[in-house]
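Its first residue numbered 16, the sequence shown is counted upward by one per residue in our numbering.
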Amino acid sequence: CKSLKKMTAVPLRAMGSRAGRRHSSYVHGGEEDAAAGLLVERLHLVGSSWDGARIAGDSKPNEYEVELPPMILKPVKGPPPKSKDWFLCPLVVANVDAYGADLAAPPVAHVLVRTSLSPPLCALRGVRLV
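(1) Buried or exposed for L88, please, with buried defined as at least 16 other CB atoms from any protein chain shown within 10 angstroms of its CB.
(2) With 16 as the cutoff for other CB atoms within 10 Å, does R57 come out buried or exposed?
(3) Taking the alpha-carbon of L78 as reference, which of P96, V111 and S64 has the nearest alpha-carbon?
(4) Report the rounded CA-to-CA distance for L139 versus W101, giving the unit in angstroms.
(5) If I measure Cβ to Cβ from V107 and keep anything under 6 Å in the same chain, skipping five residues before and after, which residues do I get?
(6) Is it true that the CB of V81 sits closer than 8 Å to the CB of M22?
(7) Please state whether the Cβ-Cβ distance between L83 and I70 is less than 8 Å.
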């Protein structure tokens, strides 16, 4: 959808390291350092598990939803990377309730998240950030 925003998720603990500042060649030049970020806490990954700062495959097969560590969401420009290491994950704003009906709401944005699964498999599993 053209109206949706694209962002990338950077684990907060990686922000101070050189690897955290250069997590992707997706952001060009000094744009990443100059771009404002949004600190997000208690973000949940639904549809998969989380391991080693990326979406994990079958490391914990019984885990459907996991709370992520604090993340910085940064806006990015340009086309999404062609690498299979990234998944353009929908970000859904949902209210906690007993039924979970709002987890199927339309996404407010898409966030690039590192993955050890293939992006099509993430999409088939319905992986999303809530």
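Idealized CB from N, CA, C, for every residue including glycine. These numbers come from a predicted model, not from an experiment.
Based on what the coordinates show:
(1) With 16 or more neighbouring CB atoms inside 10 Å of its own CB, L88 falls in the buried class.
(2) Result: exposed.
(3) The question names Leu, yet the displayed sequence has Glu at residue 78. Nearest option by C-alpha distance: S64.
(4) For L139 and W101, the distance between alpha carbons rounds to 15 Å.
(5) Once the five neighbours on either side are set aside, the close Cβ partners of V107 are A120, P122, R143 and V145.
(6) For the 8 Å CB-CB criterion, M22 and V81 do not form a contact.
(7) Against a cut-off of 8 Å, the Cβ pair of I70 and L83 comes out as no contact.
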